[in-house]
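All remarks here apply to the structure that follows.
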Amino acid sequence: MTPQRLSDFFPLALQSLTKPRVGLRTILSIQSQRSDLINAGWLVIILNLILTASLTLFGPIPPESPSTVPLATSAIMQALSLFGGAFIIHRVGGFFGGTGNFDGSLKLIIWVNFILFLMQLPILLFSFLGQEIVALAMILVLVVAITQLTATIMELHDFTEVLPVLFGILGCSVVFGIALLFVLGLLGVNSPTNV
5 MTPQRLSDFF PLALQSLTKP RVGLRTILSI QSQRSDLINA GWLVIILNLI
55 LTASLTLFGP IPPESPSTVP LATSAIMQAL SLFGGAFIIH RVGGFFGGTG
105 NFDGSLKLII WVNFILFLMQ LPILLFSFLG QEIVALAMIL VLVVAITQLT
155 ATIMELHDFT EVLPVLFGIL GCSVVFGIAL LFVLGLLGVN SPTNV
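This is the structure we're talking about:
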């Protein structure tokens, strides 16, 4: 079944937690224009910004704390991460013999971000219970993120080996993080000092 409405994506996201490759196959089968994918990417960014602002307001970290990132900086970081991540998944995967295209990479990164957004919604409720529970929930989200990325990149590029894909993700994440800090520095954005 191909999802038609936004509500159709919620059961698919739940299924993707246990069967990420099946969920991605369904997402990749959706016919869409690149402009639709870019709009979906911006929607996920906006949803994540709303979640970030809510966690800042209601979470255990005070909003005026030096470890919080300004909303404009967060928007730039998320846009660079989402669209830059799709570019890196496409290029690096293609360099190592992957068969995926850029639109598929964009669908993959949007889909994984949507799943992670849904997983982080309960953190808002946990934030009232204490910082330790929030930290445990964030560790769970990180584990799911790595699992989802590994499985979906393997599906997109038809890779069969798990460890090279996992090490590729970790290596690209480090390089991309350094590059992101450099770009943000060029834009004049100050990074938080007490992270």
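In this text, residue positions in the sequence shown follow this note's numbering: the first is 5, and each later residue adds one. All residues carry an ideal CB built from backbone N, CA and C; glycine is no exception.
Neighbour-count burial assignment, residue i, 16 or more Cβ in a 10 Å radius
i    : result
T103 : exposed
P24  : buried
P15  : exposed
I50  : exposed
E159 : buried
A83  : exposed
Q43  : What sits at residue 43 in the sequence shown is Asn, not Gln. Result: exposed.
I113 : buried
L144 : exposed
S36  : exposed
L18  : exposed
L190 : exposed
L41  : buried
V45  : The sequence given here places Gly at residue 45; Val does not occur at that position. G45 comes out buried.
CB-CB length for residue i against residue j, believed under 8 Å
i    : j    : result
Q124 : L55  : 6 Å
L188 : I34  : With 8 Å as the limit, L188 and I34 do not qualify as a contact, their Cβ atoms being about 33 Å apart.
V147 : L86  : At roughly 20 Å, the Cβ-Cβ gap does not stay under 8 Å, so V147 and L86 are not in contact.
F130 : A141 : 5 Å
G181 : V96  : About 15 Å separates the two Cβ atoms, so there is no contact after all.
T154 : V138 : No, T154 and V138 are not in contact; Cβ-Cβ is about 25 Å, not under 8 Å.
Test item: CB-CB of residue i and residue j under 9 Å
i    : j    : result
I31  : I93  : no
R38  : D107 : yes
S200 : I119 : Only positions 5 to 199 of the chain appear in the structure, and residue 200 is not among them; the question remains open.
T161 : G89  : A small fix is needed here, since residue 161 is His in this sequence, not Thr. No.
K111 : L28  : yes
L53  : I127 : no
Q152 : V116 : yes
F91  : F163 : no
I150 : L122 : no
Test: residue i CB closer than 9 Å to a CB of chain C
i    : result
Q135 : Of the protein chains in this structure there is only one, and it is not chain C.
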